[in-house]
Structures are given as C-alpha cells and as structure tokens.
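In this note's numbering, the protein residues as written are 152 to 282.
We treat Cβ as the ideally placed atom computed from N, Cα and C, and that holds for glycine.
These notes are about the structure you will find just below.
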C-alpha cells in the first residue's frame, strides 16, 4: 500500500527515503555522470551508487564534488562529512575524500571503488550517520 503525502509516495516498509526523492536524485546524477564526458567522474558516481550505505543517502554535486545528505534539503543544511572528488591536476590525479569541499584531503586513492570504500568506513553501518 502506498502512503500518499502531498503527491509523494513511499514503498511499503521504506523509511529511509520516503517519497523516493533520494532515488530520484541518484537517477538524475547517474544520467548526468554518463553524459558528462569525464569517465573518472562517472566511475566515482557509479561506485558511490553501488555502495548501499551511500545509496540510501541523497547525493548532490557542486563543481564536480560529490557530497551527501539525508534528503535533498539536508544536503546543504546538514551535509554528511563526506565529500568525494574525481582525479584532477588539483588533487594529484587521485580520487579524493574530504570532510567538505574546502577542507584538505583525508585520503586519496587511485580508484573510485577504493575511495568509496574509505568513505563508507566513515559512516556508521546501519544508519548512514557520521562516526
């Protein structure tokens, strides 16, 4: 049974993403990444989407930085202390994990999968909350 709320719906038993807004944000981001013409950015978005702990969060990007919140509104109000950026000359051509886009790197890795694994380690397994 669908729970209706101002034109939104939730799948039965779904509490982490009422209304499917996070899922919609992921779908849009994946489409954008696939057409951006930057394979490393696409790899980063796809690796983050493949991680259930990150997939349950709402993604957003700004200047190619990938960051997360509990919902589309919280991405800017109360973002998670996880910010991922694809390789560029600015970060030594490595995938980078930061707490925020303006802070120095916490970790760097040669692959998207490796940096996403480090990001997931920063989250509390069940609830996606920062440690």
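For residue 262, name the three-state secondary structure that DSSP assigns.
-> Here DSSP, grouped into helix, strand and coil, assigns residue 262 to coil.
Should residue 218 and residue 251 be called a contact, given that it needs their Cβ atoms to be closer than 9 Å?
-> Yes, the Cβ-Cβ distance between residue 218 and residue 251 is below 9 Å.
With a CB to CB cut of under 7 Å and the five nearest residues on each side skipped, what residues in its chain are close to residue 200?
-> Answer for residue 200: 177, 181, 206, listed in chain order.
Comparing alpha-carbon positions, which option in 274, 174, 265, 253 lies nearest residue 213?
-> It is 253 whose Cα lies nearest to the Cα of residue 213.
Whole runs of the beta strand (DSSP E) within the stretch 187 to 215, excluding any shorter than 3 residues = Correct list: 209 to 213.
Name the DSSP bridge partner or partners of residue 249?
-> Looking at the DSSP assignment, residue 249 forms a beta bridge with 234.
Assign residue 243 to one of three DSSP states: helix, strand, or coil.
-> Judged by DSSP in its simplified three-state form, residue 243 adopts coil rather than helix or strand.
Inter-residue spacing [alpha-carbon to alpha-carbon] between residue 277 and residue 243 = Only weak support is given to the placement of residue 277: the predicted model assigns it a pLDDT of 42, under 50, and the question is left unresolved by the model.
Closest by CA to residue 109, which one among 235, 241, 240?
-> The question about residue 109 has no answer here: the residues shown for the chain are numbered 152 through 282.
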